[in-house]
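Engineer: Pasting in a structure now, in structure tokens, and then I'll have a few things to ask.
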Amino acid sequence: MKERSHKNHKNNKVDRAASLLKTCTSLSQLKQIHAHMIRTCLHQNNSLACTIVSLYTSLSLPHYIYRVFSSVSRPSLSLFNHTIKAFSKVPSLCIHSVHLYLQMIQNQFKPDNFTYPFLFNSCATLSALDLGVEIHGRVIKTGFLSYIPVSNALIDMYGKCNMLNHSYCTFNEMPKRDVVSYNALLGAHAKLGEDMGGAERVFNQMPERNVISWNAMIVGYINAGDLDSARRVFDEMPERNVVSWTTMLVGYTKNSLVKSARILFDAMPERNLVSWTAMITGYAQNGQPSEALALFCRMERARMKPDAVTMTGVISASAQLGGIELANWVGSYVDQTGIERNERVLTALVDMHAKCGNMKEACRIFEEIPRPDVFSYSALITGLASHGHGIKALGVFRRMQMHNIEPDYITFIGVLTACSHTGLVEDGLKFWESMVNDYRIEPGADHYACIVDMLGRAGQLDEAYELVKRMPMGSHPGALGSLLAACRTYGNVEIAESVAKQLFKLEPDNTGNYVLLASIYASNEQWDEATRVRTLMKEIGVNKPRGCSWVEVNNKGLGFQAKG
DNA sequence: TTAGGGTTAG
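Following UniProt numbering from start to finish, the first sequence increments by one per residue and tops out at 564.
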């Protein structure tokens, strides 16, 4: 009797906690309830722990997941499954769901139809195809393939790992399919934008379609580079949701059709964080930083809170404008609003401060990045190089090599710039060789421009000119411009005339080239020639533009006000 | 169990 009443009392407490958790909507509430549960030992209850794990994920505090799991002394199969699911939803924690799966098997638990879908999700996120195939084998042995969600997750995983054939094999072997099976297969086509004819066949054979099916077709056509078909599907679909609109919008921004994107953005019946972010980054990526910032201001007025992705775009836009005040404002905005300081946000910040000339801040933030990648290193190297810290830039490059981070096309632009601005001709030529032979990077016009600039600054004008003539991509304004500038420094009229002739053809409206040639003639006291160039300028109608500061640009249309 | 947004370029 006594024992029964004790059991009832305990069940009541569990029920009360469960219903409290059901109404929980904020992180502070959840923490309060959780703390109370720990005090009263309720945290050992598996069913309550499952709810807590899910809540910490949905309320964006995934780092508590493991703490909750490991505090339960005898976790149930269900708690393992909930925790694996929770980890699979957070890309940076996916690997833990695999660890937990292994731990589960070690502890003699048998994974079931609730375990595998999320495990396959994690494999997809981690692009861990081998592991996925291995688990697939185990699923076949244990007979869980007949559960539709398990096979659906497999189709999706193979698709995300670019194994369209494997997706089809799984799909074809299913005795029963649902709309998700078809959508996952369409998603596999869409990811690569490959064989859209095949995707159309699937789409036409579907017993039923939902908005996800239509959206998958839009993504597929966009990835196949067929914007017209994407738009046709968008116009034809019976019902659109915010994802349909945003997907189409991104299709335009990715193809530099920012105006079309904006028309769509303005016409959207509703917008969410992703829509705002897509439009802002669309502007930033297409060289319209002022528009990006103006939209960011509008977003704030609409009380839409930016996240790390939004801020990456905003920071990149601010970097392009290059104003130190704006950079400082954006920097403190990120600090004060608690935006997640992930690798991409920090890299964008490094780039922004570097472009605005604040190398000290750029270096400080770089040191905050736990594992810098090729993007972060390149941002710092190009920043240092273009601000006259060539030796430092090369030091960072060596550090990058020591950490076995493979440099890319852009890294070498930074490295060669460092050499050219520091007068390290021999080193520059060695890096050039290493780029081609060790890293198999095809030199682009930008790299040639750096080397031409380097030789030109060192006075090796003939060598520079020979290199310009040998450029496989033909004459390039950047390389020619550097050479013309070097001709002025060293007073070489002969090469200057030939180079300027090519430049006038390539960039008829670029005033700088005319001014440079005129000044080369003038310093060589060839006054008549100098006058001839100035007359030519007037005839063509190019005028020396008046300088325009960022403040003026800002006052014209941005309406951007620094706060705090 | 299925769909949309991100960082480096003389």
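Where is the CB? At the ideal position from N, CA and C, for every residue including glycine.
Smallest Cα separation from Ala-393: which of Asp-373, Ile-410, Asp-408 and Thr-417?
Structural biologist: The candidate whose alpha carbon is nearest that of Ala-393 is Thr-417.
Engineer: At a cut of 8 Å, does the stretch 55–62 reach the stretch 70–77 through at least three beta carbon pairs?
Structural biologist: No contact exists between the stretch 55–62 and the stretch 70–77.
Engineer: Does the distance from the CB of Tyr-521 to the CB of Val-493 come in under 8 Å?
Structural biologist: Yes; because the gap between Cβ atoms is below 8 Å, this pair is in contact.
Engineer: Have a look at Arg-488 and Leu-516 and give me their C-alpha separation to the nearest angstrom.
Structural biologist: C-alpha separation (whole angstroms): 7 Å.
Engineer: On a CA-only basis, which of Met-304, Asn-162 and Asp-156 is nearest Phe-171? Give me that one, please.
Structural biologist: The shortest Cα separation from Phe-171 among Met-304, Asn-162 and Asp-156 belongs to Asp-156.
Engineer: Cβ of Gly-220 within 8 Å of Cβ of Ala-199?
Structural biologist: A contact, by the Cβ cut-off of 8 Å.
Engineer: Rounded to whole angstroms, what is the Cα-Cα separation between Tyr-377 and Met-206?
Structural biologist: Each residue's alpha carbon lies about 48 Å from the other.
Engineer: Determine whether the beta carbon atoms of Ser-181 and Met-174 lie at a separation below 8 Å.
Structural biologist: Yes, Cβ-Cβ distance for Ser-181 and Met-174 is below 8 Å.
Engineer: Going by C-alpha distance, which of Leu-27, Arg-16, Ser-26 and Gly-322 is nearest Met-37?
Structural biologist: Minimum Cα distance to Met-37 is reached at Arg-16.
Engineer: Which whole runs of the alpha helix (DSSP H) in the stretch 463–492 are 4 residues long or more, in chain order?
Structural biologist: Entirely contained in the stretch 463–492, the alpha helix (DSSP H) runs reaching 4 residues are, in chain order, 477–490.
Engineer: Beta carbon of Arg-209, beta carbon of Val-242: below 8 Å?
Structural biologist: In this structure, Val-242 does not lie closer than 8 Å to Arg-209 by Cβ.
Engineer: Compute the distance between the beta-carbons of residue 636 and Ile-339, then report whether it is under 8 Å.
Structural biologist: The question about residue 636 has no answer, for the chain in this structure spans 1 to 564.
Engineer: Can you check which of these residues, Glu-497, Leu-506 and Asn-510, is closest to Arg-532 by C-alpha distance?
Structural biologist: Of the listed residues, the one whose Cα sits closest to Arg-532 is Glu-497.
Engineer: Kindly confirm or deny that the stretch 464–477 and the stretch 444–452 touch, where touching means at least three C-beta pairs closer than 8 Å.
Structural biologist: Touching, yes.
Engineer: Where do the N-terminal and C-terminal ends of the alpha helix (DSSP H) with Thr-23 fall, by residue?
Structural biologist: Careful: Thr-23 lies outside any alpha helix (DSSP H) and carries neither H nor E.
Engineer: Please classify Gly-414: does DSSP put it in a helix, a strand, or coil?
Structural biologist: Of the three classes helix, strand and coil, the one that applies to Gly-414 here is helix, per DSSP.
Engineer: What do you get for Cys-419, buried or exposed, if any count of 16 or more other CB atoms within 10 angstroms of its CB means buried?
Structural biologist: That one is buried.
Engineer: So what does DSSP say about Leu-192, is it helix, strand or coil?
Structural biologist: Helix.
Engineer: With DSSP run on the structure shown, which of helix, strand or coil describes Arg-546?
Structural biologist: Because Arg-546 carries a pLDDT of 47, less than 50, the predicted location of this residue cannot be relied on, and no value is offered for it.
Engineer: Jot down the residue ranges of each uninterrupted alpha helix (DSSP H) in the stretch 366–445, minimum 4 residues, whole runs only, in chain order.
Structural biologist: Qualifying alpha helix (DSSP H) stretches, in chain order: 374–386, 390–402, 409–422 and 425–437.
Engineer: Looking only at its own chain, which residues have a Cβ that is under 7 Å from the Cβ of Gln-44, when we skip the five neighbours before and after it?
Structural biologist: Closer than 7 Å at Cβ, skipping near neighbours: Val-72 and Ser-73.
Engineer: Please classify Asn-183: is it buried, with 16 or more other beta-carbons within 10 angstroms of its beta-carbon, or exposed?
Structural biologist: Per the 10 Å Cβ criterion, buried.
Engineer: Tell me the rounded alpha-carbon separation between Thr-253 and Glu-525.
Structural biologist: Distance between the alpha carbons of Thr-253 and Glu-525: 51 Å.
Engineer: Does the distance from the C-beta atom of Tyr-66 to that of His-96 stay below 8 Å?
Structural biologist: Cβ atoms of Tyr-66 and His-96: closer than 8 Å.
Engineer: Is there contact between the stretch 379–394 and the stretch 329–346, where contact requires at least three CB pairs shorter than 8 Å?
Structural biologist: Not touching, per the Cβ criterion.
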